[in-house]
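Residue -5 is where the sequence shown starts when you use our numbering, and the numbers rise one by one after that.
All residues carry an ideal CB built from backbone N, CA and C; glycine is no exception.
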Amino acid sequence: MENIVVFGASGQLGQCLKKVAAIKGITSIFFPPEAEANILDADLLGKVFEQYKPTHAINCAAYTAVDKAEDDIDLARKINKTGAENLAIQCKAHGAALVQVSTDFVFKGNTPYPLVEDDIAEPISIYGLTKLEGEQDVAAILPEHYIIRTSWLYSEFANNFVKTMLKLGADRDELKIIADQVGTPTYAIDLASAILDIIAAGEGNYGIYHYSNEGVTSWYDFAKGIFDISNTDVKTYPIRTSEYPTRAIRPAFSVMDKSRIKKTFGISIPYWRDSLIVCIKELESINKI
-5 MENIVVFGAS GQLGQCLKKV AAIKGITSIF FPPEAEANIL DADLLGKVFE
45 QYKPTHAINC AAYTAVDKAE DDIDLARKIN KTGAENLAIQ CKAHGAALVQ
95 VSTDFVFKGN TPYPLVEDDI AEPISIYGLT KLEGEQDVAA ILPEHYIIRT
145 SWLYSEFANN FVKTMLKLGA DRDELKIIAD QVGTPTYAID LASAILDIIA
195 AGEGNYGIYH YSNEGVTSWY DFAKGIFDIS NTDVKTYPIR TSEYPTRAIR
245 PAFSVMDKSR IKKTFGISIP YWRDSLIVCI KELESINKI
């Protein structure tokens, strides 16, 4: 039986893994608090591995403040690179496999076609660079790894684009949303389910995989979907990236091809708008309580 430990358990994906594990009836999964499982503290990590004796570790811990990372390079690199390296070392020492969650930001985002796992990673931000460095360290240290790149993550947990848009839509009469950055939203509940299904398959097939929901959209159309589904009455206007400059450069096109993960593990991936409907219903249910 698999014995799973989740690092970064209090974050968005960690909370989704807890919810999905409960739905699936998985009891051999553990969510130690960061104070006891800090990925930057090798001694603490060693104790966690000795205590839980995991067959699999899932690394949900990450520095994800994309703009702030441009000026906070050392901390972003410690968490995204060194933290992943520390986990890989512990997994190797204790005979565990590692699920390392990564990002579409490892790509430059200038291709006219959906990105496959073997495309050249060429990050254009510190966040993307440090996540790529984490990928590279994991792959160099530990053959038994699943590197899962995802994009535009949201859920009913933590702070994310969906919850931000719902709040802004309720507070403002109009919003300007970037329309020339194209990718795919990912419901973190769907990603959590896919990760647990991969572990349950127990067949190895280690390597890099892409996972997002199906379909293609822009931030503008994503926002429009949020407002349409939630019946939020707010005027929205599409703008170019140049009209809303940020500290970090974002990929203009980061749609990922999911053929490998679907073929290898037989995973069925929902369409992004269908999953958005589920999430908004969950949020509405939570807000009514």
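Asked: Give me the residue from 99, 238, 123, 192 with the minimum Cα distance to residue 172.; Found: 238
Asked: Could you pull the start and end residues of the alpha helix (DSSP H) that residue 40 belongs to?; Found: 36 to 46
Asked: How long is the line joining the alpha carbons of residue 161 and residue 106, rounded to whole angstroms?; Found: 34 Å
Asked: Which residue's Cα is closest to the Cα of residue -4: 80, 120, 46?; Found: 46
Asked: Which residues mark the beginning and the end of the beta strand (DSSP E) in which residue 143 is found?; Found: 139 to 144
Asked: Counting only the same chain and skipping the five closest in sequence on each side, list residues whose C-beta sits under 8 Å from that of residue 119.; Found: 60, 63, 64, 99, 242, 243, 244
Asked: With DSSP collapsed to three states, give me the class of residue 175.; Found: coil
Asked: Mind checking which residues open and close the beta strand (DSSP E) that includes residue 96?; Found: 91 to 97
Asked: On a CA-only basis, which of 163, 249, 193, 144 is nearest residue 7? Give me that one, please.; Found: 144
Asked: State the Cα-Cα distance for the pair residue 283 and residue 211, rounded to the nearest angstrom.; Found: Unreliable placement is indicated for residue 283, whose pLDDT of 43 sits below 50; no coordinate value is reported for it.
Asked: Between which residues of its own chain and residue 22 is the CB-CB distance below 8 Å, once the five residues before and five after are set aside?; Found: -5, -4, -3, -2
Asked: Identify every run of the alpha helix (DSSP H) within the segment 213 to 248, keeping only runs that are complete inside it and at least 4 residues long; order them along the chain.; Found: 213 to 224
Asked: Determine the contact status of residue 194 and residue 121, defining contact as a CB-CB distance below 9 Å.; Found: no
Asked: For the segment 126 to 134 against the segment 76 to 87, do three or more pairs of beta-carbon atoms, one drawn from each stretch, fall closer than 8 Å, so that the two count as touching?; Found: yes
Asked: Please state the DSSP three-state secondary structure of residue 135.; Found: helix
Asked: Give me the Cα-Cα distance between residue 150 and residue 266, rounded to the nearest whole angstrom.; Found: 15 Å
Asked: For the beta strand (DSSP E) containing residue 319, list its first residue and its last residue.; Found: Only positions -5 to 283 of the chain appear in this structure, which leaves residue 319 out of reach.
Asked: Give the straight-line distance between the Cα atoms of residue 187 and residue 11, rounded to the nearest whole angstrom.; Found: 7 Å
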